[in-house]
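Asks:
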DNA sequence: TGCCCGATGTTGACCACATGAACATTCCAG
DNA sequence: CTGGAATGTTCATGTGGTCAACATCGGGCA
């Protein structure tokens, strides 16, 4: 139960969640590298080591933030796609959906750079392995953002556009484009692009995606 | 003059360079976050603070490594393009060159993940501004990798493929695709892809780029 | 020739973090 | 009620970045 009373008790009551929120805040303005255990604890008003009762360490806290960020990204994509008007031509509708999803993707990256970077931050050294070494590498759940793109491309496929063999590859290609574009816009050389030109670049890239995945 | 003699003297003689090499080594296996001032100094056999005689701090050391990595990336692209056979049809030749450059790009990312990540690492907080605030933001030299892609696309344009207006945008789009692909392959969900499938994805993405930038 | 200053390194110190061990406080099930 | 499991706290250690004060070297000028 969430602590309603303001009175501080020895036991926080919902520390894990509170820490996650604080960590998400940190990531939101500052990206994954600013997700610092001590700072999160400080913000929640608790000693640094308290976090270890709920997380394996900074690594796990960060991984949690990462998951959260991935969800938010997918949400943004779905929101963008939901706002898209349908079309009589199913092929056109499918194409529009794909473009809308991509726009939602890049839009999220631009609006929430910190979270976006967190969504793709790379696990620290050696902490990459979570379970037993001998076991098959834990099959991580497919990121929803990718699922959305893939399904959109399958939607196009049903209408006969891309050939089935290349569908997954087409998804990866489309994802590559929006992901790369996002990062170039955030940290890369397209960073300082004025908003006008930025939109141009985004549109060009989306055009490349729709026309370029046609033949796959 | 490089210190030939093994005898350690109080003055190193070429510390700046030695530190850069050590830092590059660190980045090479471990990425930018492992570029640690103290460790670099340790490897060179010098006290940590000695580095401050040659660099503003870790930030500048890292920035130097970043530049180095960008050069290596461009080198890889040029090497790949150089190995490409010409073609009678100039349009075909131009297209081949573009694809070769892209292959060189992704190839470098896959072969040298640490360096590749270093080439695009984002400057730390607040250290982003190097000079006076009032001055126009220092116009960074265009990254050679991008120049190569842009020129390749201009090569295609001369042959009449993309329309001139979109040329820069086309370059950005192409770059986005290879950059995103590289990162997805390195850290992202395409990380554990078997080599076979990886090549498929690369080829699909390149196909998307060449066919998708045609209309820009 | 010899000395002095500036460039280059070194020591020591401080602060922020991650993390582990040992100890304290609660809370709840039996 | 009461004792152990949960949950926090304090203390301690190790790594890294960075600064100030001090040491050393090497070359140019009197």
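Residue numbers (this note's numbering), protein chains in the order written: chain A, 1 to 216; chain B, 1001 to 1216. We treat Cβ as the ideally placed atom computed from N, Cα and C, and that holds for glycine.
1. Is it buried or exposed, residue 1066/B, if we count other Cβ atoms within 10 angstroms and call 16 or more buried?
2. Compare the C-beta of residue 1122/B against all C-beta atoms of chain A and say whether one is closer than 8 angstroms.
3. Pick out the complete beta strand (DSSP E) segments inside the segment 45-99 of chain A, 3 residues or longer, and give them in chain order.
4. Just the Cα atoms here: how many angstroms apart are residue 206/A and residue 178/A?
5. Does residue 76/A have its Cβ less than 8 angstroms from a Cβ in chain B?
6. How is residue 185/A classed by DSSP in three states: helix, strand or coil?
7. In angstroms, rounded to a whole number, what distance separates the CA positions of residue 1187/B and residue 1180/B?
8. Among 143/A, 197/A, 173/A and 182/A, which has the Cα closest to the Cα of residue 74/A?
9. At which residues does the alpha helix (DSSP H) containing residue 146/A begin and terminate?
10. Compute the distance between the beta-carbons of residue 1069/B and residue 1018/B, then report whether it is under 8 angstroms.
11. Where does residue 29/A fall in DSSP's three states?
12. Measure the alpha-carbon distance for residue 49/A versus residue 24/A and round it to whole angstroms.
13. Just checking: is the beta-carbon of residue 1209/B within a distance shorter than 8 angstroms of some beta-carbon in chain A?
14. What residue range is occupied by the uninterrupted alpha helix (DSSP H) comprising residue 1213/B?
15. Hey, residue 1171/B and residue 211/A: beta-carbon distance below 8 angstroms or not?
16. Suppose the cutoff is 7 angstroms on Cβ atoms and the five residues either side in sequence are ignored; what does the same chain contact list for residue 1146/B look like?
17. Can you give me the C-alpha to C-alpha distance between residue 986/B and residue 1071/B, rounded to a whole angstrom?
18. Beta-carbon of residue 15/A versus every beta-carbon of chain B: anything under 8 angstroms?
19. Counting along the chain, where does the alpha helix (DSSP H) carrying residue 117/A start and finish?
20. If the criterion is Cβ atoms closer than 8 angstroms, does the pair residue 101/A and residue 81/A meet it?
21. Can you find a C-beta in chain A that's less than 8 angstroms from the C-beta of residue 1048/B?
22. So is residue 1057/B buried or exposed if we call it buried at 16+ other beta carbons inside 10 Å?
23. So, helix, strand or coil for residue 1110/B, using DSSP?
24. Specify the secondary structure class of residue 13/A as computed by DSSP and reduced to three states.
25. Are the C-beta atoms of residue 1115/B and some chain A residue less than 8 angstroms apart?
26. Taking the C-alpha atoms as reference points, what is the distance between residue 189/A and residue 198/A?
27. Going by alpha carbons, who is nearest to residue 152/A out of 113/A, 91/A and 46/A?
28. Less than 8 angstroms separating the beta-carbons of residue 1156/B and residue 1098/B?
29. Using 8 angstroms as the limit for Cβ to Cβ distance, is residue 1179/B near chain A?
30. For the putative contact between residue 168/A and residue 191/A, defined by C-beta atoms under 8 angstroms, what is the C-beta separation to the nearest angstrom?
31. Against chain A, does residue 991/B count as a neighbour if the rule is that its beta carbon must be under 8 angstroms from one of theirs?
32. Mind listing the chain A neighbours of residue 1188/B? Cutoff is C-beta to C-beta under 8 angstroms, in chain order.
33. If I'm right that residue 1036/B touches residue 1015/B with Cβ under 8 angstroms, what's the distance once you round it to whole angstroms?
34. So for residue 201/A, helix, strand or coil by DSSP?
35. When the Cα of residue 27/A is compared with those of 108/A, 40/A and 115/A, which residue comes out closest?
Replies: According to the data block:
1. In the second chain, residue 1066/B corresponds to position 66, counting from 1. Counting Cβ neighbours within 10 Å, residue 1066/B comes out buried, since at least 16 surround it.
2. For the purposes of this step, residue 1122/B is taken as residue 122 along the second chain, with counting starting at 1. At least one chain A Cβ lies under 8 angstroms of residue 1122/B.
3. none
4. Working through the first chain from its first residue, we reach residue 206/A at position 206. Working through the first chain from its first residue, we reach residue 178/A at position 178. Looking at the two C-alpha atoms, the distance is approximately 8 angstroms.
5. For the purposes of this step, residue 76/A is taken as the residue at position 76 of the first chain. No - not a single Cβ of chain B is within 8 angstroms of the one on residue 76/A.
6. Translated into the one-based positions of the first chain, residue 185/A becomes position 185. Correct three-state label for residue 185/A: helix.
7. Within the second chain, numbered from 1, the residue matching residue 1187/B stands at position 187. Within the second chain, numbered from 1, the residue matching residue 1180/B stands at position 180. Their Cα atoms are separated by approximately 11 angstroms.
8. On the first chain, residue 74/A is found 74 positions in, with the first residue counted as 1. Comparing Cα-Cα distances from residue 74/A to each of 143/A, 197/A, 173/A and 182/A, the minimum goes to 143/A.
9. Residue numbering aside, residue 146/A sits at position 146 when the first chain is read from its first letter. Here the alpha helix (DSSP H) through residue 146/A covers 144-158.
10. Translated into the one-based positions of the second chain, residue 1069/B becomes position 69. Translated into the one-based positions of the second chain, residue 1018/B becomes position 18. Cβ distance not < 8 angstroms, so residue 1069/B and residue 1018/B don't count as in contact.
11. Translated into positions along the first chain, residue 29/A becomes position 29. Coil, per DSSP.
12. Stepping through the first chain from its first residue, residue 49/A is reached at position 49. Stepping through the first chain from its first residue, residue 24/A is reached at position 24. Taking the straight line from one Cα to the other gives about 19 angstroms.
13. Numbered from 1 along the second chain, position 209 holds the residue referred to as residue 1209/B. Interface residue, yes.
14. Looking up residue 1213/B in the second chain gives position 213. Neither: residue 1213/B is in no alpha helix (DSSP H) and is coded neither H nor E.
15. The residue labelled residue 1171/B in the question sits at position 171 within the second chain. The residue labelled residue 211/A in the question sits at position 211 within the first chain. The answer is no: Cβ separation not under 8 angstroms.
16. On the second chain, position 146 is the one that residue 1146/B refers to. Excluding residues within five positions, the ones whose Cβ falls inside 7 angstroms are 1171 and 1175.
17. A query on residue 986/B cannot be resolved here, the shown segment of chain B reaching from 1001 to 1216 and no further.
18. Translated into positions along the first chain, residue 15/A becomes position 15. It does not: the Cβ of residue 15/A has no partner Cβ on chain B nearer than 8 angstroms.
19. As a working note, residue 117/A is residue 117 in the first chain. Taken as a continuous stretch (DSSP letters only), the alpha helix (DSSP H) holding residue 117/A covers 113-119.
20. Counted from its first residue, the first chain places residue 101/A at position 101. Counted from its first residue, the first chain places residue 81/A at position 81. For residue 101/A and residue 81/A, yes; Cβs fall inside 8 angstroms.
21. As a first step, residue 1048/B is located in the second chain; it is residue number 48 there, counting from the start. No, no contact with chain A.
22. Taking the first residue of the second chain as 1, we reach residue 1057/B at position 57. Classification for residue 1057/B: exposed.
23. Residue mapping note: residue 1110/B aligns to position 110 of the second chain, counting from 1. Helix at residue 1110/B.
24. Here residue 13/A corresponds to residue number 13 of the first chain, with the count starting at 1. Correct three-state label for residue 13/A: coil.
25. For the purposes of this step, residue 1115/B is taken as the residue at position 115 of the second chain. Residue 1115/B does not count as touching chain A.
26. Start at 1 with the first residue of the first chain, and residue 189/A comes out as number 189. Start at 1 with the first residue of the first chain, and residue 198/A comes out as number 198. Answer to the nearest angstrom: the Cα atoms are 12 angstroms apart.
27. Mapped onto the first chain, residue 152/A falls at position 152. Considering only alpha carbons, the answer is 91/A.
28. Sequence index remark: in the second chain, residue 1156/B carries index 156 (1-based). Sequence index remark: in the second chain, residue 1098/B carries index 98 (1-based). A contact, by the Cβ cut-off of 8 angstroms.
29. On the second chain, position 179 is the one that residue 1179/B refers to. Taking Cβ atoms only, chain A reaches closer than 8 angstroms to residue 1179/B, which makes this a yes.
30. Taking the first residue of the first chain as 1, we reach residue 168/A at position 168. Taking the first residue of the first chain as 1, we reach residue 191/A at position 191. That pair is no contact at about 31 angstroms.
31. Summary: the structure shown does not reach residue 991/B, with chain B confined to residues 1001 through 1216, and so no result is reported for it.
32. Here residue 1188/B refers to the residue found at position 188 when the second chain is read from its first residue. The answer, in chain order, is 120 and 179.
33. As a first step, residue 1036/B is located in the second chain; it is residue number 36 there, counting from the start. As a first step, residue 1015/B is located in the second chain; it is residue number 15 there, counting from the start. Incorrect: roughly 17 angstroms between the Cβ atoms, too far for contact.
34. Looking up residue 201/A in the first chain gives position 201. Note: residue 201/A maps to helix in three-state DSSP.
35. Along the first chain, read from residue 1 onward, the residue named residue 27/A stands at position 27. For residue 27/A, the nearest C-alpha among the options comes from 115/A.
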